[in-house]
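Trainee:
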Amino acid sequence: MGLRALPYATYADIGFIAALERQPSIRKQAMKHHIPIDHLKALGAHYWGCLQRWLEPGNLANLRPKLEFQTGILAGFALLASVLLGVTNCSTESTIQQRLAEDLQNSLAEVIPAGLHDNDMLQDFRTIPSANYNIGAEETVVYLAKKSGIVTAVCFKFTAPDGYSGAINMIMGIDRDGNILGVRVLSHKETPGLGDKIEVTKSNWILNFVGRSLDNLTPAQWAVKKDGGEFDQFAGATITPRKSVQAIHRGLQLFKEHQAELINP
Amino acid sequence: MFLPENYRKIATDGIWNNNIVFGQNLALCPLLAVTGTATNGLGMGLATLVVITASNALISITRNLIPSQIRIPIFVLLIAALVTLVDILMNAWAHELYKVLGLFIALIVTNCALLGRAEAFASKQPVKEALWDGIMMGIGFLLVLVALGAAREISSTGTLFANASLLLGESFRFLEVTVIPNYQGFLLMALPPGGFIMLAFLIVGKRLIDQKLAYNHTHAGGKAMPEAIIDKETPAPISTISIAD
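In the order they appear, the protein sequences are chains H and E. All residue numbers in the first sequence are consecutive under this note's numbering, ending with 265. All residue numbers in the second sequence are consecutive under this note's numbering, ending with 1245.
Here is the structure:
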């Protein structure tokens, strides 16, 4: 497209010297001052003028039907968009990571009482295999709460992959003896007004798990009341609490398998 | 009125006559997906309002550069880039708000109303008009979302603006009202079919009002109108209906 489409701007290709030589007005100014910064200023003003002339509606109306202009414009927009997004992504990545870490910190604080630990739990974790427990991940990161170097509780995220309308992501804190300290739902897609009672902001159903363990409830009791278990279902929504209870049960079993290595690291 | 004629027309078009949902029948996908509650409708409406205003302005600024043959890919590119930008920036700098609205931001990409406004208005109009059109269309869409959300929420759970304090902050807790105490719940209205049914009622209501207005206009100071006359004398007020999405 070059020369025909951009009669002025292409001087940039030839370089400063050539542009100076070709433009009498600039040459005159350059001669007069002999100061590089003024050359650049004059050159800048010149190109600014060129750009303005190029951007005039009349000029653009002539250019628009041309295939090379269309190709260039599409490529230009794509380039601009990707540069903009790339720069934004790079410049905000660390901030977003920090925000996510804060989120995790807050979730951990929800299920592990502050009095139980004096360490930075985000930095103190073990990774254990969890593929056999159907909790949404091949490996689970377990954060350790330590007081004076002794593990008092553990905390990990897990998932009920089979909720009514998608995965239910949860986080659970367990003390070193296997009793639940707290469970929270981090995100889910259950029906608003029915299944979303698993959230602590909407109902206190999830608080019923505090103090439960594999020891004080039999496997049969780890179910909703409709299935002969210990936990309430919701009116109009049975699947959501059923799958949540089952996932929490599986989470406890995962902890039990690794209990020894987790509490005596 | 304090607004010039064309601005007033853009406003009435955006909010009522050519409303994104009622007039253009666009954006039904995000509309039905999020209007389970009035709060969700409000969240989606606010997010859309910001993005449609920005996209209208951006497309109006660059309208002379965009050849008509490749306008659609460029519009899509601009809108998608804008939505992603808002998504990333909000995640980084307004994280609390993002946790509530984030879901809706990504849904805006599927909102063909933005493309519709870019094509029908912003690409042919000066920046100020395009900006104004974006704001008015956004407000019109927001009102429909809130109205539909409220109607569905009341009929499905008996509450109104439940959890508004999560979206707008604690000071807006007064919005949360239980309209029908001890309501047993009507699940259908919370599910997508309920959205279609309630939307149909809203559209009927809008058209009845339009007919009444048209009747009053032609029979200035007229008495109460017999049903038969409405059907014969006033044509359907919405002349162009395009089903898309």
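Glycine residues also receive a C-beta, built at the ideal position from the N, C-alpha and C atoms. All of these numbers come straight from a predicted model, not from anything done at the bench.
How is the alpha helix (DSSP H) around E:Pro1193 delimited, first residue to last?
Mentor: It spans 1192-1218 - the alpha helix (DSSP H) in which E:Pro1193 sits, taken as one unbroken run.
Trainee: Does the CB of E:Lys1232 have a neighbour CB from chain H at under 7 angstroms?
Mentor: Reliability fails at E:Lys1232, whose pLDDT of 46 lies under 50, so the model's placement of it is uncertain and the value that follows must be treated cautiously. Chain H contact via Cβ: absent.
Trainee: Are the beta-carbon atoms of E:Ser1156 and H:Gly193 separated by less than 7 angstroms?
Mentor: Yes; because the gap between Cβ atoms is below 7 angstroms, this pair is in contact.
Trainee: Which residue from E:Leu1026, E:Ile1015, E:Ala1011, E:Thr1037 puts its Cα closest to that of E:Ile1154?
Mentor: Selected option, being the one with the closest Cα: E:Thr1037.
Trainee: Determine, using beta-carbon pairs with one atom in the stretch 137-152 of chain H and one in the stretch 208-215 of chain H, whether at least three such pairs fall under 8 angstroms.
Mentor: Counting Cβ pairs under 8 angstroms, fewer than three are found: no touch.
Trainee: In the stretch 83-111 of chain H, which residues sit with their C-beta less than 7 angstroms from some C-beta in chain E, listed in chain order?
Mentor: Cβ contacts with chain E come from Leu84, Leu85, Thr88, Asn89, Thr92, Thr95, Ile96, Arg99.
Trainee: Of all the options H:Pro113, H:Gly49, H:Leu60, which has the alpha carbon lying nearest to the alpha carbon of E:Asn1064?
Mentor: It is H:Leu60 whose Cα lies nearest to the Cα of E:Asn1064.
Trainee: Assign H:Ser91 to buried or exposed, taking buried as 16 or more other Cβ atoms, counted over all protein chains shown, within 10 Å of its Cβ.
Mentor: The residue is exposed, with fewer than 16 neighbouring Cβ atoms inside 10 Å.
Trainee: Out of E:Gly1023, E:Ile1059, E:Leu1187, E:Ile1066, which has the shortest C-alpha to C-alpha gap to H:Leu62?
Mentor: Strictly speaking, residue 62 of chain H in this sequence is Asn, with Leu absent from that position. Comparing Cα positions, the closest option is E:Ile1066.
Trainee: Just the chain H side, please: which residues come within less than 9 angstroms of E:Thr1037 by C-beta, in chain order?
Mentor: The contacting residues are Pro192, Gly193.
Trainee: Once DSSP output is grouped into helix, strand and coil, what is the label at H:Lys197?
Mentor: DSSP places H:Lys197 in helix when its eight states are reduced to three.
Trainee: Do you know how far the Cα of H:Asp124 is from the Cα of H:Ala153?
Mentor: C-alpha separation (whole angstroms): 12 angstroms.
Trainee: Does H:Pro57 get closer than 7 angstroms to chain E when you measure Cβ to Cβ?
Mentor: For H:Pro57, the answer is yes, since a Cβ of chain E falls inside 7 angstroms of its Cβ.
Trainee: Run down chain H in chain order and give the residues with a C-beta less than 7 angstroms from the C-beta of E:Pro1030.
Mentor: Result: empty, since nearest Cβ-Cβ is about 15 angstroms, beyond 7 angstroms.
Trainee: Which residues, taken in chain order from the stretch 228-255 of chain H, show a beta carbon closer than 8 angstroms to some beta carbon of chain E?
Mentor: The residues in question are Ala235, Gly236.
Trainee: Tell me H:Val185's beta-bridge partners as DSSP assigns them.
Mentor: For H:Val185, which the question treats as bridged, DSSP gives the partners H:Met170.
Trainee: Mind checking which residues open and close the alpha helix (DSSP H) that includes H:Phe158?
Mentor: It is not in any alpha helix (DSSP H) - H:Phe158 instead sits in the beta strand (DSSP E) that spans 150-163.
Trainee: Using the Cα positions of H:Ser165 and H:Gly229, report the straight-line distance between them to the nearest angstrom.
Mentor: H:Ser165 and H:Gly229: Cα-Cα distance of roughly 23 angstroms.
Trainee: Ordered along the chain, which non-local residues of its own chain (more than five positions away) have a Cβ less than 7 angstroms from that of H:Leu116?
Mentor: Same-chain partners within the cutoff: Ala145, Lys147, Thr152, Ala153.
Trainee: Comparing alpha-carbon positions, which option in E:Phe1174, E:Asn1182, E:Met1136, E:Ser1165 lies nearest E:Gly1158?
Mentor: Residue E:Asn1182 is the option with its Cα nearest to E:Gly1158.
Trainee: Beta-carbon within less than 7 angstroms of E:Val1127's beta-carbon, same chain only, minus the 5 sequence neighbours each way: which residues are those?
Mentor: The answer, listed in chain order, is Ala1057, Ser1060, Ile1061.
Trainee: Going by DSSP, name the residue or residues bridged to H:Glu139.
Mentor: Answer is H:Pro129, bridged to H:Glu139.
Trainee: Any contact between the stretch 1048-1055 of chain E and the stretch 1087-1101 of chain E? By contact I mean 3 or more CB pairs, one from each, below 8 angstroms.
Mentor: Flag = no, the stretch 1048-1055 of chain E and the stretch 1087-1101 of chain E do not touch.
Trainee: Excluding five sequence neighbours on each side, which residues of the same chain lie with their C-beta closer than 8 angstroms to the C-beta of H:Val245?
Mentor: The residues are Trp222, Ala223, Val224, Gly229, Phe231.
Trainee: Quick one: does H:Ile206 have its CB under 7 angstroms from some CB of chain E?
Mentor: Taking Cβ atoms only, chain E never reaches closer than 7 angstroms to H:Ile206, which makes this a no.
Trainee: Compare the C-beta of E:Pro964 with all C-beta atoms of chain H and state if any pair is closer than 7 angstroms.
Mentor: With chain E covering 1001 to 1245 only, the question about residue 964 of chain E has no answer from this structure.
Trainee: Using a Cβ-Cβ cutoff of 8 angstroms, what residues of the stretch 1125-1152 of chain E are near chain H? List them in chain order.
Mentor: So nothing in the stretch comes that close.
Trainee: State the start and end residues of the unbroken alpha helix (DSSP H) segment that holds E:Ile1059.
Mentor: First-last of the alpha helix (DSSP H) with E:Ile1059: 1038-1061.
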